[in-house]
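Chemist: In the working numbering, the protein residues as written are 151 to 281.
Every residue, glycine too, gets a C-beta built ideally from N, C-alpha and C.
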């Protein structure tokens, strides 16, 4: 019997100045998203979070803390993923790198309308401190 497991990913809510960093995806599924990506084989979730944050935003993050895990089989239309979501702090100017077409800093009241994956739920939980 072949096992089919969810694919492990990370998402990082990067707090900077008075908001959080979001990227506009250049690849499907399109929309604004929390920076993140797949955990590589042999890599810890924490290392993947630091790597993905740097690859997509150009920022070095600090004060990395696990926020919550999201595992709804329908959270990603491409395949079943399980995301370990972190919060972190950063300084500097974010720039769109790697899979990011655009980048922006948003507040609870200025979030874009089109968020990819289940990121609207994740950000709702974050801003309402539900965990």
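1) If residue 170 and residue 234 are in contact, beta carbons under 8 Å, what's the gap, nearest whole angstrom?
2) Mind checking who residue 276 pairs with in its DSSP beta bridge?
3) Rounded to a whole number of angstroms, what is the C-alpha to C-alpha distance between residue 156 and residue 166?
4) Check whether the segment 199 to 213 touches the segment 260 to 280, counting contact only when three or more Cβ pairs, one atom from each stretch, lie closer than 8 Å.
5) Going by the beta-carbon positions, is the gap between residue 217 and residue 237 smaller than 9 Å?
6) Name the one or two DSSP bridge partners that residue 180 has.
7) Which ranges does the alpha helix (DSSP H) cover as unbroken runs of at least 4 residues, wholly within the segment 177 to 220, from first to last along the chain?
8) If the criterion is Cβ atoms closer than 9 Å, does the pair residue 178 and residue 228 meet it?
9) Give me the residue from 200, 244, 173 and 203 with the minimum Cα distance to residue 250.
Modeler: Looking at the atomic coordinates:
1) About 17 Å; that fails the 8 Å criterion.
2) Per DSSP, residue 276 has no beta bridge partner at all.
3) Each residue's alpha carbon lies about 31 Å from the other.
4) Counting Cβ pairs under 8 Å, fewer than three are found: no touch.
5) yes
6) Residue 180 pairs with nothing; no bridge assigned.
7) 195 to 207
8) yes
9) With distances taken between Cα atoms, residue 250 lies closest to 173.
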